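Asker: Here it is, the structure in full.
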Amino acid sequence: MRFFILAHGALGIWDEVIFIGVGVIFLIFMIISWIRTRAIPPEWDTPPTSPDTPSDDAKHFRLD
């Protein structure tokens with residue numbers, strides 16, 4: 001009887017090698033993405049504004 005750890009199928013031990021290889025490649029991609037996003041400064045969509053500033057537009061009125 002063979003000892004199967006992760007995967008078992010028609011490829012024998014190569015099932016586990018492929019499974020571990022895919023997992024390692026996935027982890028490498030995730031680590032690279034994490035390092036790249038840590039190095040990039042955050043981009044803010046809009047500058048923060050005060051919500052109490054009145055609008056100069058005559059078509060819009062503030063609702064109380």
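Going by this note's numbering, the first residue of the sequence shown is number 1, and it counts up by one from there. We put the beta carbon where it would ideally sit given N, CA and C, even for glycine. As the structure is a computational prediction, the values presented were derived from the model and not from experiment.
1. Roughly how many whole angstroms lie between the Cα atoms of S33 and F61?
2. For D15 versus G9, is the C-beta spacing smaller than 8 Å?
3. Which residues mark the beginning and the end of the alpha helix (DSSP H) in which I31 is found?
4. Excluding sequence positions up to five away, which residues of its chain have a Cβ less than 7 Å from the Cβ of L63?
Answerer: Considering the structure as presented:
1. Counting from 1 along the sequence shown, the entry for residue 33 is found at position 33. Counting from 1 along the sequence shown, the entry for residue 61 is found at position 61. Cα to Cα, the separation comes out at about 45 Å.
2. Here residue 15 refers to the residue found at position 15 of the sequence shown. Here residue 9 refers to the residue found at position 9 of the sequence shown. Yes. Within cutoff.
3. Looking up residue 31 in the sequence shown gives position 31. In this chain, the alpha helix (DSSP H) harbouring I31 covers I13 to A39.
4. Sequence index remark: in the sequence shown, residue 63 carries index 63 (1-based). Sequence-distant partners of L63 (beyond 5 residues in either direction) whose C-beta falls short of 7 Å from its own C-beta are missing from its chain.
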